[in-house]
Ligand SMILES: Nc1ncnc2c1ncn2[C@@H]1O[C@H](COP(=O)(O)OP(=O)(O)OP(=O)(O)O)[C@@H](O)[C@H]1O
Ligand SMILES: Nc1ncnc2c1ncn2[C@@H]1O[C@H](COP(=O)(O)OP(=O)(O)OP(=O)(O)O)[C@@H](O)[C@H]1O
Ligand code: SF4
Ligand SMILES: [Mg+2]
Ligand SMILES: [Mg+2]
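Residue numbers (my numbering), protein chains in the order written: chain D, 1480 to 1802; chain Y, -14 to 310.
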């Protein structure tokens, strides 16, 4: 049994006028000591998946199907009070948006100490020591002095590291990291990814690493889930998927990455845009943008099919050229 | 002639003084976020700016668009010295000089509709077109960044992180600027949207002769977009040069270390070599050359004297020839 199990998760946006499906049939397991990377286009539903797991969907979003289990226990139907105890202590979250995760009126230290003492039996003095250690671990120079500064006195990347320190404050079993390194330069990024790997290994934590950066996934994740328009279109071991993407969308993502040394004036882009929730085309949601689409692709949404270790939701995975 | 010319631009943020400091009458401490940067950006080019988190890239960007008041130095745009803060700059200059911010969450007013957010910089112009024309313009801009005209009626919270960044880009484009400061414009975007945005920036540059100052921690993005590259370290510009030269033959020891951190994309996990040594603190920067505690080539002079930028590099070892090129 995996530490975190997501089964057939569906999330709808429900308004007076209509109900729109934003996530559909999301199934994913994360073991203790494992890092699963979640990638996909902006708006694919990555952050929504994270929000659903920690019970922080914002109305009109709501879970309308499926189940989420933590260490075997279903947490999908728990009330707000029970979820609040789980958040921070058992599931730590690094939010995509560092500014809203931080209170501008409190110093970084006040926020860290508050979080630590809420979750762990510690005196304020001990909590302050731990807070400084956490800031050091995330690579903030002069942590002992920086701790008394306000969020606006930090650079974008430094605020992001403070958010990471906050997520780790309660020593959680599961870490949901939503774009934890997006605002960071390569060397700090390397440091943060090392830290995530170390936590995962030493604390046997399960990590869901949400990112649009395939480079980050390549070097950090054990397995990858590729999302498109509210569904997972391909999952499997990182090396298998990056070495030979089978879903045409995954292959397109791989080709869009700029690399140093590549002198093309334009990057390969996947034509068109991802459909918004509620406006999905018939059949495969990627169909209208897919270079390998065949007439039968519009029939019904493809179900995931196993190819070795990899699950692919595509009718014609063999038409995708090895990238 | 350069379209933008910064001379010795500096910005120090004051910090609160502790009680012992005040008793001892010690001077008010400060963070020298930008410490004397001189650079020019030529019309129609893309200058890429790289450097570690906290080295002052965003502060430099904000100085250029007038969101911080410089503590020293001057800025000229199109041959004329400009007022330090945006409030004192004429609308015509504000129209020409726009910025895309690093944080797409903080830069969009949550209570406004997207259409109004996009049209705002245009609406504050003295010769602003009437509201109907502005709405039409906003719809066009939305389409240009890969969103739909119908999105104009929505609020920012209904969009994902990447979608919000596209809204921010549409807004910056609304006044038809000729100089755009882009602070991490695609770092919140996935690669396929990033490819669209970068291609869009290129198209705009070709069609309208736009000039970019592009800040990114993604060296591949910089390599793809920039004509020239500036490298910052702890508030100072340590190297600047043609992109091809800097990537092929980085000269400053920091640039060399930075380029060695390039990630690879083959699905094989390997620990990445971060630049060795502690990231120094902007609160108490090292003496002399700020890089000396991490520099494998450092000599006695480096600890006492800050090297000046000469021939595109600020390094004693390069200037005196003890570092092999
Ligand atoms: N309150 C809301 N009302 C309507 N639509 C919403 C709302 N919140 C999110 N959405 C939509 O749900 C979809 C999924 O959003 P989500 O934030 O999960 O994307 P994401 O994959 O995290 O993207 P990014 O990489 O840009 O952060 C998007 O199309 C978004 O526009
Ligand atoms: N308003 C402020 N008050 C005090 N200090 C500030 C302020 N804004 C920035 N700083 C400090 O100035 C330094 C440079 O910050 P800046 O945001 O320019 O860095 P950056 O290079 O953009 O970093 P990142 O890559 O993380 O965005 C940092 O040490 C930061 O803490
Ligand atoms: S000036 Fe000295 S310490 Fe600084 S980079 Fe050059 S050799 Fe290294
Ligand atoms: Mg997101
Ligand atoms: Mg910045």
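In this text, a Cβ means the ideal position worked out from N, Cα and C, and glycines have one as well.
Measuring from the CB of residue i, is there a heavy atom of ligand 2 at a distance below 7 Å?
i	result
residue 16/Y	yes
residue 1670/D	no
residue 1580/D	no
residue 190/Y	no
For residue i, count neighbouring Cβ atoms within 10 angstroms of its own Cβ and tell me buried if that reaches 16, exposed if not.
i	result
residue 1637/D	buried
residue 142/Y	exposed
residue 1696/D	buried
residue 192/Y	exposed
residue 13/Y	exposed
residue 295/Y	exposed
residue 1756/D	buried
residue 302/Y	buried
residue 1653/D	buried
residue 4/Y	exposed
residue 233/Y	exposed
residue 229/Y	exposed
residue 175/Y	buried
residue 1584/D	exposed
residue 1631/D	exposed
residue 1698/D	buried
Determine the DSSP secondary structure at residue i, reduced to helix, strand or coil.
i	result
residue 33/Y	strand
residue 1494/D	coil
residue 194/Y	coil
residue -13/Y	strand
residue 1520/D	coil
residue 1759/D	coil
residue 298/Y	strand
residue -3/Y	strand
residue 1716/D	strand
residue 315/Y	A question about residue 315/Y goes unanswered here, because the residues of chain Y that appear run from -14 up to 310.
residue 62/Y	strand
residue 280/Y	coil
residue 1721/D	helix
residue 167/Y	strand
residue 160/Y	coil
Measuring from the CB of residue i, is there a heavy atom of ligand 5 at a distance below 7 Å?
i	result
residue 1635/D	yes
residue 43/Y	yes
residue 331/Y	Chain Y is shown from -14 up to 310; residue 331/Y falls before or after that span and cannot be answered.
residue 87/Y	yes
At a threshold of 7 Å, does residue i count as lining ligand 1 (C-beta to nearest heavy atom)?
i	result
residue 1523/D	yes
residue 138/Y	no
residue 176/Y	no
residue 1537/D	yes
residue 92/Y	no
I'd like to know if residue i contacts chain D, where contact means its C-beta is closer than 8 Å to some C-beta of that chain.
i	result
residue 187/Y	yes
residue 237/Y	no
residue 29/Y	no
residue 204/Y	yes
residue 184/Y	yes
residue 190/Y	no
residue 43/Y	yes
residue 25/Y	no
residue 88/Y	yes
Should residue i be flagged as near chain Y, meaning a C-beta pair shorter than 8 Å?
i	result
residue 1746/D	yes
residue 1684/D	no
residue 1620/D	yes
residue 1502/D	no
residue 1737/D	yes
residue 1813/D	What the structure shows of chain D is the stretch from 1480 to 1802, and residue 1813/D is not part of that stretch, so it cannot be assessed.
residue 1752/D	yes
residue 1635/D	yes
residue 1749/D	yes
residue 1491/D	no
residue 1661/D	yes
residue 1513/D	no
Quick check: does the Cβ of residue i come within less than 7 Å of any heavy atom belonging to ligand 4?
i	result
residue 1540/D	no
residue 145/Y	yes
residue 38/Y	no
residue 148/Y	no
residue 1575/D	yes
Is there a Cβ of chain B sitting closer than 8 Å to that of residue i, yes or no?
i	result
residue 1575/D	Going by chain labels, chain B is absent from the structure shown, which instead holds the protein chains D and Y.
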